[in-house]
Amino acid sequence: KNEVEQSPQNLTAQEGEFITINCSYSVGISALHWLQQHPGGGIVSLFMLSSGKKKHGRLIATINIQEKHSSLHITASHPRDSAVYICAVGSTDKLIFGTGTRLQVFP
Amino acid sequence: DARVTQTPRHKVTEMGQEVTMRCQPILGHNTVFWYRQTMMQGLELLAYFRNRAPLDDSGMPKDRFSAEMPDATLATLKIQPSEPRDSAVYFCASGYQTYSNQPQHFGDGTRLSIL
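Heads up: the protein sequence lines correspond to chains A and B, in order. Using this note's numbering, the letters of the first sequence map in sequence onto residues 3 to 109. Using this note's numbering, the letters of the second sequence map in sequence onto residues 17 to 131.
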């Protein structure tokens with residue numbers, strides 16, 4: 003079993019829909035990161051959080067430390083949100099990555 | 017905006033050749049990471065440095081891979097000899113202090129193809 007599990011693996015949505023991507027982890031962590039990778043592109047750090055909730059524009063990230071679970075929400079999704087979203091947890095001295103969720107938003 | 021710069025962006029070479037990838041971290045960042053991304057394995061940590069000292073290279077095949085940081089503005093990842101299974105995208109990232117609770121800034125990656 004992977005130490006970081008993401009669901010779903012693939013997600014399609016119509017423009018304007020509310021999107022949720024989930025991340026569960028099994029190790030103790032000091033922080034959880036959400037990353038975004040566009041096709042053929044680099045990786046951008048969206049959020050780093052260790053408790054509660056963070057919001058940036060249409061993106062919201064939450065974490066429940068007791069349940070070892072985090073969610074990334076996208077409100078009013080747009081085709082430009084199409085990308086792979088990667089959850090990564092910071093444990094001891096290493097970042098452990100999930101396998102990513104591929105999101106496609108259609109107009 | 018300050019960025020992590022990686023060169024080259026793309027590299028195609030034949031098996032057995034030496035490959036050198038370079039990374040210029042963001043000025044002031046004291047921690048540099050090398051990652052490899054493949055379809056099968058996703059993102060994996062190969063090695064990382066803090067204040068130019070190697071802290072962990074356990075993710076790296078020691079017989080053919082080497083990572084160095086000759087100065088604070090340059091990190092290198094070398095593969096010698098290269099093999100087709102090394103084909104992947106190699107990312108460099110930099111951050112400040114303990115990376116697990118600080119955001120990392122990623123370069124655009126080097127897309128490596130070994131024929």
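Each residue gets a CB set at the ideal place from its N, CA and C atoms; glycine is no exception.
Worksheet item: In this structure, does DSSP put Gly82 (chain A) in helix, strand or coil?
Response: At residue 82 (chain A) the sequence reads Arg, which differs from the Gly that was named. Looking at Arg82 (chain A) - three-state DSSP - the assignment turns out to be helix.
Worksheet item: Where Pro109 (chain A) and Asp83 (chain A) are concerned, what is the direct C-alpha to C-alpha distance, given to the nearest angstrom?
Response: For the pair Pro109 (chain A) and Asp83 (chain A), the Cα-to-Cα distance works out to about 11 Å.
Discussion item. By alpha-carbon positions, which one of B:Pro119, B:Glu30, B:Gly123 ends up nearest to Leu48 (chain A)?
Written reply: Per the Cα distances, B:Pro119.
Worksheet item: Roughly how far, in whole angstroms, is the beta-carbon of Ala104 (chain B) from the beta-carbon of Gln53 (chain B), given that I think they are within contact range, below 8 Å?
Response: With a Cβ gap of about 6 Å, Ala104 (chain B) and Gln53 (chain B) count as contacting.
Item to complete: Assign Pro86 (chain B) to one of three DSSP states: helix, strand, or coil.
Response: The DSSP-derived three-state label of Pro86 (chain B) is strand.
Item to complete: Examine the Cβ distances between the region 31-42 of chain B and the region 84-103 of chain B and report whether three or more of them are shorter than 8 Å.
Response: With the rule of 3 Cβ pairs closer than 8 Å, the region 31-42 of chain B counts as touching the region 84-103 of chain B.
Discussion item. 9 Å is my cut-off, CB to CB: does Ala63 (chain B) come that close to chain A?
Written reply: Ala63 (chain B) does not count as touching chain A.
Discussion item. Looking at chain C, is there any beta carbon in it that lies within less than 9 Å of the beta carbon of His121 (chain B)?
Written reply: Included in the structure are the protein chains A and B, with no chain C among them.
Item to complete: Confirm, please, whether the CB-CB distance from Thr47 (chain B) to Tyr64 (chain B) is below 9 Å.
Response: Yes, the Cβ-Cβ distance between Tyr64 (chain B) and Thr47 (chain B) is below 9 Å.
Worksheet entry | Whole runs of the beta strand (DSSP E) within the region 37-80 of chain B, excluding any shorter than 3 residues | Counting only runs of 3 or more residues that sit fully inside the region 37-80 of chain B, the beta strand (DSSP E) segments are 47-54, 58-66, 69-72, in chain order.
Item to complete: Please report the Cβ distance between Ala83 (chain B) and Asp73 (chain B), rounded to the nearest whole angstrom; I am assuming they are in contact, meaning their Cβ atoms lie under 8 Å.
Response: About 6 Å separates the CB atoms of Ala83 (chain B) and Asp73 (chain B); that is less than 8 Å, so the two are in contact.
Practice prompt. Run down chain B in chain order and give the residues with a C-beta less than 8 Å from the C-beta of Ser47 (chain A).
Written response: Residues of chain B with a Cβ closer than 8 Å to the Cβ of Ser47 (chain A) are, in chain order, Pro119, Gln120, His121, Phe122.
Fill in: Cβ pair count under 8 Å reaching 3, the region 34-42 of chain B against the region 94-105 of chain A
Taking one beta carbon from each stretch, the region 34-42 of chain B and the region 94-105 of chain A have fewer than 3 pairs nearer than 8 Å; the two do not touch.
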